[in-house]
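Each residue of the sequence shown is one higher than the last, beginning at 10 in my numbering. Note that the Cβ used here is the ideal one computed from N, Cα and C, for glycine as well. These figures come from a predicted structure and were not determined experimentally.
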Amino acid sequence: MSDDDQLLDAWLAHLRVEKGLSPRSVEAYATDLVRFAVFVRQDLQRGFCDIEGGDVAAWMIALSKEGLAARAQARKLSALRGFYKYLVAERRVKNDPTKLISGPRLPRKLPHVLTFPEVEALLSAPETSTPRGVRDRAMIQLLYASGLRVSELVNLKVTDVDLDQGVLAAFGKGEKRRLVPFGEVAREALLLYLQTVRGTFTKGRAANDLFVTHFGSAMTRQGFWKLLKRYALVAGIDRPISPHKLRHSFATHLLERGADLRAVQTMLGHADIVTTQIYTHVTVAHLQAAHARFHPRG
C-alpha cells in the first residue's frame with residue numbers, strides 16, 4: 010500500500026470513527042478523493058504531501074473542462090479541504106494547499122415544493138383497505154408531518170416514536186439526535202399501521218424497525234422512493250417527485266403559515282440557519298407571485 014493510500018485510509022477511518030459519518034457519506038468522500046489521487050499520480054506525478062495551491066487550481070480547471078457541474082466541483086473541493094485540514098492537524102503536511110482556492114460560483118437553486126392541494130392528494134392516494142396501503146399512508150403522512158430526510162424515516166425504530174407525546178427521535182447527519190413533533194393526523198395513521206399491519210409483516214418476530222416490507226425486512230430508501238412515485242401518479246401529480254420534495258414542502262408550508270425560522274431549523278436538523286433560510290426565498294417568491302396576480306398595481 011502506497012503512502013497516499015495509507016493517508017486516505019486514515020482520513021476515511023477518522024470520518025467514520027471520530028466524525029461519526031454514515032457509510033454512505035464516507036463512500037462519497039472516498040470517491041472524490043480517489044479521483045483527485047488519480048489526477049495527482051497521472052497528471053502531476055506527485056504525492057498528496059507534495060501538492061501546492063497551483064496544483065489544486067489545475068485540478069479544478071480540469072474538472073471544469075470535463076463539463077462537471079459547478080455543484081459537483083464544489084463538493085469535490087469541499088472534500089479536498091476536509092482531507093488537507095486533517096493532514097495539517099496530523100502534521101503530515103505544513104500548509105493547506107486548498108486554503109486560497111476559491112470554489113466555483115454556484116447559482117441560487119430554490120427548492121421545488123408541492124402545493125398544499127398536491128400534498129393532500131398524495132396523502133390520500135394510498136388505499137387503506139390493504140395492509141400495504143395502511144403502511145404506505147403512515148410513511149407518507151409521517152414524512153410530510155415531520156420533515157424527516159428519507160434516510161431518517163426508513164431508519165426509525167419502534168422505540169424512537171412516542172405516540173403519547175406525538176414526537177419522535179430522529180438521528181440525522183453525524184448521528185445527531187433531535188426530537189421532532191408529528192401531529193395528530195400522522196399519529197392516527199401511524200397508530201393504525203402499528204395496531205393492524207406491522208405485526209403481520211414481521212410475523213411475530215421481535216424486529217425493532219418501524220417500517221417494514223411485507224417480507225418483514227426493513228423498508229429501504231429505494232423501496233420507499235419507488236412507492237412514492239407510484240402514489241404521485243395516482244394523485245395526478247405529473248411532475249418529478251422525491252422524498253426530499255416532501256421535506257422541502259414541510260418547511261415551506263410551515264413558514265408560509267408563520268412558523269418561526271429557528272423552530273423550523275431545529276425540526277429539520279440544520280446545523281446552520283443559513284441552510285434553512287433558503288425556504289424563506291421560496292415563500293417570498295410565493296408572496297411576490299400572489300402580489301403580481303392580485304394587486305391592482307401589480
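| Check | Outcome |
| --- | --- |
| Per-residue burial, residue 223 [other beta carbons within 10 Å of its own, 16 or more giving buried] | exposed |
| The segment 147–163 in contact with the segment 242–253 per 3-pair CB rule at 8 Å | yes |
| Buried or exposed by the 16-neighbour rule on C-beta atoms within 10 Å, applied to residue 278 | buried |
| Rounded straight-line distance, which links the Cα of residue 82 to that of residue 76 | 10 Å |
| Neighbour-count burial assignment, residue 20, 16 or more Cβ in a 10 Å radius | buried |
| Three-way DSSP call (helix, strand, coil) for residue 39 in this model | helix |
| Outcome for residue 135 when other beta-carbon atoms lying within 10 angstroms are tallied against a minimum of 16 | buried |
| Distance CB(residue 107)-CB(residue 90) smaller than 7 Å | yes |
| Residue 201, DSSP secondary structure in three states | helix |
| Spatially closest choice to residue 260 from 96, 94, 36 and 125, by CA coordinates | 125 |
| Secondary structure of residue 273, DSSP reduced to three states | helix |
| Exposed unless 16 or more other CB atoms sit within 10 angstroms - verdict on residue 258 | buried |
| Proximal residues to residue 97 (C-beta, below 8 Å), its chain only, five neighbours per side dropped | 103, 104 and 105 |
| Buried versus exposed, by CB contacts within 10 Å (16 or more), residue 241 | buried |
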